[in-house]
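Residue numbers (the working numbering), protein chains in the order written: chain A, 1 to 252; chain B, 253 to 445.
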């Protein structure tokens, strides 16, 4: 059976992991390659690397890093952050990334999703969607790292980018992100039902049950977390054991 | 060993090169007729869309060469599908090496079939040292149905060909280069054929 995926997410700045990652048994936890190898050994199903650096010069460093990651890890990984054009994607895929995630650029220019899917295949195009709920607006899509509200309602937007060729949706609830109160089950469930491609749930994971809830009640295909894993509040092996016991299809 | 990876600009060849490098094997990337013909073994990766991949192969005359090869040959993902006769993807005529049809998943499940799924009914030295139910990584929307040439199967939800063999042509729908230690073992087994 196809298994649910557990995906640690690493933020990268100037070629180093950020968010104050602390591990005793890793020589250099700021080294994304070391950390990625460790997660792969721990049983992570995939990894996501988000480049949060600002300048074009630093982006070149990121492409070199992607190459270094591809050389050393034997599980799939997605890279994202600041991707604006087909040429950016070409560099990252050639460096060995399996998928790229686009966010603001897809909002600015939805045709980019179509171009990427045509050029490289839907399987490597993940559209990242930051969503926020307010009583007045419902669940709306936000651009530019969640700072700018757009006109798009979340379910419609996810459907639209899927029609354009997105092969996967990475859905982050801004209301839940950082709360450790659980994933946004309602909107995740709605999106999972509305689109035919896999959905990665992100934002809000705080305990084991949150993961089983998002798989069983919101039908997410994968779940992503960052600090929860980085600060060792939860180990990937413990999480996967728990999910298996809950009767969820998991790769051990 | 003279190992050549077919480079026709329609594949994530870098990942395959790195996976081989992790096994301590240097491979040559090439689209050159003579180089490929002279190889001890050939790996044929591929991601992307079938009709554009076929166009790339034709522009290099590789559609003529590949069917004539006699050395152990390993097609991966789209590289497996291209060995077949015809694909529903873009209604494309393929290399026609293996008499099989490539179909699109018709299911209520998510397409692409993306993630780790299990190998069953392993029936080839390609899988030496692997257990039944071993997980490998898939990402694809089209598949090769079960056939006499199936040497491993996976279910989504119906069984399909996870891997096939026809004469010297071996092929896998999953990505051994991205399937952790199990995938590395499969690549190693191919190199030992």
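For each residue, glycine too, the CB sits at the ideal point set by N, CA and C.
| Asked | Found |
| --- | --- |
| What residues are listed by DSSP as bridge partners for residue 38 of chain A? | Answer is none; residue 38 of chain A lacks a bridge partner. |
| Quick one: list the residues of chain A neighbouring residue 408 of chain B, beta-carbon separation under 9 angstroms, in chain order. | 1 and 2 |
| Taking C-beta pairs closer than 7 angstroms, name the residues in chain A that residue 435 of chain B reaches, listed in chain order. | 74 |
| Buried or exposed for residue 285 of chain B, please, with buried defined as at least 16 other CB atoms from any protein chain shown within 10 angstroms of its CB. | exposed |
| How about residue 282 of chain B: is its C-beta nearer than 7 angstroms to some C-beta of chain A? | no |
| Along chain B, which residues have their Cβ under 7 angstroms away from the Cβ of residue 168 of chain A? | 366 |
| Using a cut-off of 7 angstroms between C-beta atoms, extract the partners of residue 247 of chain A located in chain B. | Within 7 angstroms Cβ-Cβ: nothing; residue 247 of chain A doesn't reach chain B, min ~16 angstroms. |
| Grab me the residues of residue 386 of chain B's own chain with a C-beta within less than 6 angstroms of its C-beta, minus the 5 sequence neighbours each way, in chain order. | 371 and 434 |
| Measure the beta-carbon distance from residue 425 of chain B to residue 414 of chain B and round it to whole angstroms, keeping in mind my assumption that it falls under 8 angstroms. | 6 angstroms |
| In chain order, what residues of the segment 295-328 of chain B put their CB closer than 9 angstroms to some CB of chain A? | 299, 300, 301 and 304 |
| With the cut-off set at 7 angstroms, would you say residue 432 of chain B and residue 186 of chain A are in Cβ contact? | no |
| How long is the line joining the alpha carbons of residue 219 of chain B and residue 315 of chain B, rounded to whole angstroms? | Outside the shown range of chain B (253 to 445) lies residue 219 of chain B, about which nothing can therefore be said. |
| Below 8 angstroms CB to CB, which residues in the same chain sit around residue 401 of chain B once its five sequence neighbours on both sides are set aside? | 350, 352, 413, 416, 417 and 418 |
| In chain A, what lies closer than 9 angstroms to residue 271 of chain B by C-beta? | 74 |
| How would you list, in chain order, the residues of chain B whose beta-carbon sits under 9 angstroms from the beta-carbon of residue 173 of chain A? | Correct list: empty, because the minimum Cβ distance to chain B is about 20 angstroms. |
| Would you kindly report the start and end of the unbroken beta strand (DSSP E) that includes residue 424 of chain B? | 421-424 |
| Per the contact definition of three or more C-beta pairs closer than 8 angstroms, is the segment 212-227 of chain A in contact with the segment 195-204 of chain A? | yes |
| Using alpha carbons as the reference points, say which of B:443, B:271 and B:420 lies closest to residue 319 of chain B. | B:420 |
| In the DSSP output, what is residue 329 of chain B paired with across the bridge? | According to DSSP, which records beta bridges pairwise, residue 329 of chain B is partnered with nothing at all. |
| Compare the C-beta of residue 70 of chain A with all C-beta atoms of chain B and state if any pair is closer than 7 angstroms. | yes |
| Against chain B, with Cβ distances strictly below 7 angstroms, would residue 189 of chain A count as a contact? | no |
| List the endpoints of the continuous beta strand (DSSP E) containing residue 340 of chain B. | Here residue 340 of chain B belongs to no beta strand (DSSP E), and DSSP marks it neither H nor E. |
| How many Å lie between residue 255 of chain A and residue 155 of chain A at the Cα? | Lying before the first or after the last residue shown, residue 255 of chain A is absent from chain A, which here runs from 1 to 252. |
| Between residue 441 of chain B and chain A, is the shortest Cβ-Cβ distance under 7 angstroms, so that the two count as touching? | no |
| The segment 119-140 of chain A: which residues have C-beta closer than 9 angstroms to a C-beta of chain B, in chain order? | 119, 120, 121, 122, 123 and 124 |
| Report all residues from its chain with a CB closer than 7 angstroms to the CB of residue 373 of chain B; omit the five preceding and five following residues, and keep chain order. | 404 and 405 |
| Using the Cα positions of residue 119 of chain A and residue 300 of chain B, report the straight-line distance between them to the nearest angstrom. | 8 angstroms |
| Short of 6 angstroms in beta carbon distance, which residues of its chain neighbour residue 146 of chain A, apart from the five on each side in sequence? Order them along the chain. | 130 and 174 |
| So is residue 417 of chain B in contact with chain A if we call contact Cβ pairs under 7 angstroms? | no |
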